[in-house]
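Chains A and B supply the protein sequences, listed in that same order.
All the letters of the first sequence, read from the start, carry residue numbers 364 to 621 under my numbering.
All the letters of the second sequence, read from the start, carry residue numbers 6 to 263 under my numbering.
Beta carbons: idealized from backbone N, C-alpha and C, even for Gly.
Please read all numbers here as calculations on a predicted model, not as lab measurements.
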Amino acid sequence: MNVKLKVENLSKIFEFNGNRVKALENINLEVYENEFLTVMGPSGCGKTTLLRIIAGLDTPTEGRVLLDGREVKGPGADRGVVFQQYTLMPWRTVLKNVTFGLELRGVPKDERIKIAKKFIKMVGLEGFEDAYPYQLSGGMQQRVAIARTLANNPEIVLMDEPFAALDAQTRNILQNELLKIWQKDRKTVFFVTHSIDEAIYLSDRVVVLTARPGRIKEIVEIKLERPRDRTSIEFLEYRKLLLEILKEEVLKTIKRGE
Amino acid sequence: MKINEKDLALKLALPVIAVVVWELLAIYVNNPVILPRVEAVVNVLIHPNQGILGTGNLIDNTLISIKRVLSGFFLASAVAIPLGILMGHYKTVNNLFDTIIELLRPIPPLAWVPLSLAWFGLGEMSMIFIIFIGAFFPILINTISGVKSVPTPLIEAALTLGAKGRDILLKVVIPASSPSILTGLRVGAGIAWMCVVAAEMLPSSNAGLGYLIMYAYSISRMDVVIACMIIIGIIGLILDRGLRYIEDKYFAWRKMMK
């Protein structure tokens with residue numbers, strides 16, 4: 364298996380008002396090509412910080428991130444991000460949001476519209492090309508955000524709790540669609556969540572971080588055939604396992620009163 | 006539709022009552038130098054191309070005022086919008102200009118009259134300068150605040166799609182702040198319109214609505230004074246509503262930025 368993304372001896376210390384808070388400590392991680400990898404941990408464990416450093420939106424205090432062997436310096440189109448908040452350009456239609464990255468790269472108009480339409484169809488929003496984000500529900504907006512990231516053809520897709528703000532039904536539907544797209548598009552996915560269910564349902568491997576400072580506590584490989592059944596015995600066994608691993612860390616967080 | 010008619014009736018009720026009260030008072034006062042009859046004013050208004058008191062007609066004077074406002078307003082926009090964008094986006098530019106702007110801003114446009122006359126002489130330029138000063142600050146302040154309040158997640162999303170500094174400015178910051186810039190233009194236009202009337206009341210002036218008001222006053226033609234005031238009110242209203250229409254029509258997405 365080829366290593367797509369490598370995180371080496373990565374630490375992050377935040378400083379504000381003279382206080383130093385260690386968010387991440389000595390993270391070493393490899394994400395393989397075409398892999399669906401999920402990072403989870405108690406709130407405040409630094410999982411979003413890790414994603415932001417990989418995206419180039421934050422800088423590590425120590426260590427480095429390598430994509431295909433090249434060190435990451437700042438944000439770039441090779442690492443597409445789907446954010447938790449809604450980040451569509453409100454003045455652009457669905458189509459023009461999805462073509463945004465292609466436009467920046469100077470892809471000719473006809474071609475970028477063709478590419479965008481393909482991905483809009485893939486996320487099930489055919490017919491909404493000319494709608495504006497404010498006319499769409501939260502779930503639909505996240506679909507557009509996914510289409511926008513995929514249309515840009517990144518080397519790896521980083522997803523920061525993209526479904527956290529959605530209701531349970533919509534979340535399950537979008538998880539299924541994401542898996543379908545991932546299987547078709549063969550992208551490497553780095554996914555951050557705090558939902559055990561979501562992690563088991565989606566991932567090849569689940570990385571569990573400790574409470575702050577975030578260190579890798581355990582990496583669990585999910586050996587279940589897809590599509591997975593959330594109510595199967597095996598699924599529930601993974602749930603139990605991950606709950607056990609997480610319990611100690613969540614208790615630490617609660618004890619600190621966070 | 007019924008509700009609309011009710012709304013309209015309610016909106017027109019007070020103006021109609023005001024005209025009736027005015028007419029009754031005018032009959033009671035019975036002195037056109039203090040309060041002319043409604044008919045006298047209407048008579049001036051319905052013959053807008055009839056020469057008044059040897060100073061040209063209402064239309065010509067109105068057009069002169071409009072031309073001055075537009076000149077000052079466009080000059081102010083041409084300086085304030087680019088400066089505001091740079092000040093909002095680049096901290097160094099902001100630090101450079103902030104103090105002087107905060108010092109100049111509280112000075113009312115009319116306090117500039119003596120300097121303006123000294124610098125530009127008795128003529129068009131000094132009046133346009135006063136209008137420029139009046140329109141400049143609201144446009145600048147709204148532009149700066151619009152640029153500063155562009156949500157960080159939007160900028161970060163654009164960065165991860167491959168946007169560089171110039172793209173961020175042109176394709177994210179400027180469109181995102183355009184509703185705020187338009188609000189600045191609307192406020193600026195209102196103030197510019199107030200400034201022209203004041204500037205035209207200066208001793209050096211010999212045309213325009215402001216001039217006409219002062220001249221009519223000096224020869225006790227209150228019907229002309231009130232006719233001019235009504236025109237000023239109506240044009241100000243049209244200006245404001247026109248820009249508001251553009252806001253509602255082209256910036257419907259603005260509610261999503263909140």
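First through last residue of the beta strand (DSSP E) which encompasses residue i
i, result
"A/Glu388", "382 to 395"
"A/Arg568", "568 to 572"
"A/Thr436", "At residue 436 of chain A the sequence reads Lys, which differs from the Thr that was named. Taken as a continuous stretch (DSSP letters only), A/Lys436 belongs to no beta strand (DSSP E), as it is neither H nor E."
"A/Lys367", "366 to 379"
"A/Met522", "519 to 523"
"A/Leu430", "425 to 430"
"A/Phe399", "399 to 403"
"A/Gly464", "Taken as a continuous stretch (DSSP letters only), A/Gly464 belongs to no beta strand (DSSP E), being part of the alpha helix (DSSP H) at 463 to 467."
"A/Val486", "From DSSP, A/Val486 is part of no beta strand (DSSP E); its letter is neither H nor E."
"A/Arg442", "442 to 445"
Length of the line joining the Cα atoms of residue i and residue j
i, j, result
"B/Ile149", "A/Glu600", "56 Å"
"B/Lys263", "A/Phe526", "Only weak support exists for where B/Lys263 lies, its pLDDT of 49 falling under 50; the value from the coordinates is given anyway. Distance between the alpha carbons of B/Lys263 and A/Phe526: 22 Å."
"B/Ile236", "B/Leu88", "34 Å"
"B/Ile112", "A/Pro517", "54 Å"
"B/Ile146", "A/Thr450", "26 Å"
"A/Ala528", "A/Thr456", "22 Å"
"A/Lys586", "A/Tyr564", "11 Å"
"A/Met485", "A/Ile544", "7 Å"
"A/Gly487", "B/Thr104", "52 Å"
"B/Met6", "B/Thr188", "Residue placement at B/Met6 cannot be trusted, given a pLDDT of 48 that sits under 50; the coordinates are not used to answer."
"B/Phe141", "B/Trp124", "19 Å"
"A/Arg383", "B/Asp245", "52 Å"
"B/Val155", "A/Lys436", "24 Å"
"A/Arg442", "A/Asn515", "10 Å"
"B/Ile106", "A/Phe482", "48 Å"
"B/Asp228", "B/Ile186", "39 Å"
"B/Ile231", "A/Tyr495", "47 Å"
"B/Glu10", "B/Ile179", "40 Å"
"B/Leu17", "A/Glu474", "55 Å"
"A/Tyr395", "A/Lys367", "5 Å"
"A/Asp592", "B/Tyr255", "47 Å"
"B/Ile247", "A/Glu466", "The question names Ile, but residue 247 of chain B is Gly in the sequence shown. Their backbone Cα atoms lie some 33 Å apart in a straight line."
"A/Ile608", "B/Val152", "46 Å"
Spatially closest choice to residue i from the options, by CA coordinates
i, options, result
"B/Arg249", "B/Leu190, B/Gly167, B/Arg171", "B/Leu190"
"A/Gly426", "A/Arg455, A/Pro453, A/Ile390", "A/Ile390"
"B/Phe137", "B/Ser185, B/Val74, B/Ile112", "B/Val74"
"A/Lys550", "A/Val444, A/Lys472, A/Val520", "A/Val520"
"A/Arg534", "A/Asp560, A/Gly620, A/Lys547, A/Asn515", "A/Asp560"
"A/Val569", "A/Met403, A/Phe377, A/Glu396", "A/Met403"
"B/Leu164", "B/Asp12, B/Leu68, B/Lys176", "B/Lys176"
"B/Ser131", "B/Ser209, B/Ile51, B/Glu44, B/Tyr95", "B/Ser209"
"A/Lys603", "A/Pro438, A/Thr616, A/Ala562, A/Glu588", "A/Ala562"
"A/Ser566", "A/Thr573, A/Leu572, A/Ile582", "A/Ile582"
"B/Pro158", "A/Thr401, A/Val444, A/Leu609, A/Phe379", "A/Val444"
Where residue i meets chain B, residues with beta-carbon distance less than 8 Å
i, result
"A/Asn515", "Leu166, Gly167"
"A/Leu420", "Glu161, Leu164, Thr165"
"A/Pro438", "Glu161, Leu164, Thr165"
"A/Phe446", "Pro158, Glu161, Ala162"
Extent of the continuous alpha helix (DSSP H) run through residue i
i, result
"B/Ile146", "129 to 153"
"A/Phe598", "596 to 618"
"B/Ala38", "The amino acid at residue 38 of chain B is misidentified as Ala; the sequence shows Val. First-last for B/Val38: undefined, no H or E at that position."
"B/Phe96", "For clarity, residue 96 of chain B is Lys in the given sequence; the question names Phe instead. Where B/Lys96 is concerned, the enclosing alpha helix (DSSP H) stretches over 96 to 109."
"B/Met227", "227 to 255"
"B/Gly215", "214 to 223"
"A/Glu581", "Looking at the DSSP string, A/Glu581 is not in any alpha helix (DSSP H); the run it does join, the beta strand (DSSP E), is 579 to 584."
"B/Val201", "179 to 205"
"A/Val552", "A/Val552 -> not in any alpha helix (DSSP H); beta strand (DSSP E) instead, spanning 551 to 556."
"B/Pro119", "118 to 125"
Chain A residues whose Cβ lies nearer than 8 Å to that of residue i
i, result
"B/Ala45", "Correct list: empty, because the minimum Cβ distance to chain A is about 51 Å."
9 Å Cβ cut-off: residues of chain A touching residue i
i, result
"B/Leu159", "Thr450, Leu451, Met452, Pro453"
Within chain A, the residues that residue i reaches when beta carbons sit closer than 7 Å
i, result
"B/Asp172", "Leu467"
Under 7 Å from the C-beta of residue i: neighbouring residues of chain B
i, result
"A/Arg442", "Thr165"
"A/Phe463", "Leu166"
Within chain B, the residues that residue i reaches when beta carbons sit closer than 9 Å
i, result
"A/Gly409", "The premise fails here: A/Gly409 is roughly 18 Å from chain B at the closest Cβ pair, so nothing lies under 9 Å."
Next item on the list: Give, in chain order, every residue of the segment 173 to 191 of chain B whose Cβ lies closer than 8 Å to some Cβ of chain A.
Entry: Lys176, Val177, Pro180, Ala181, Ser183
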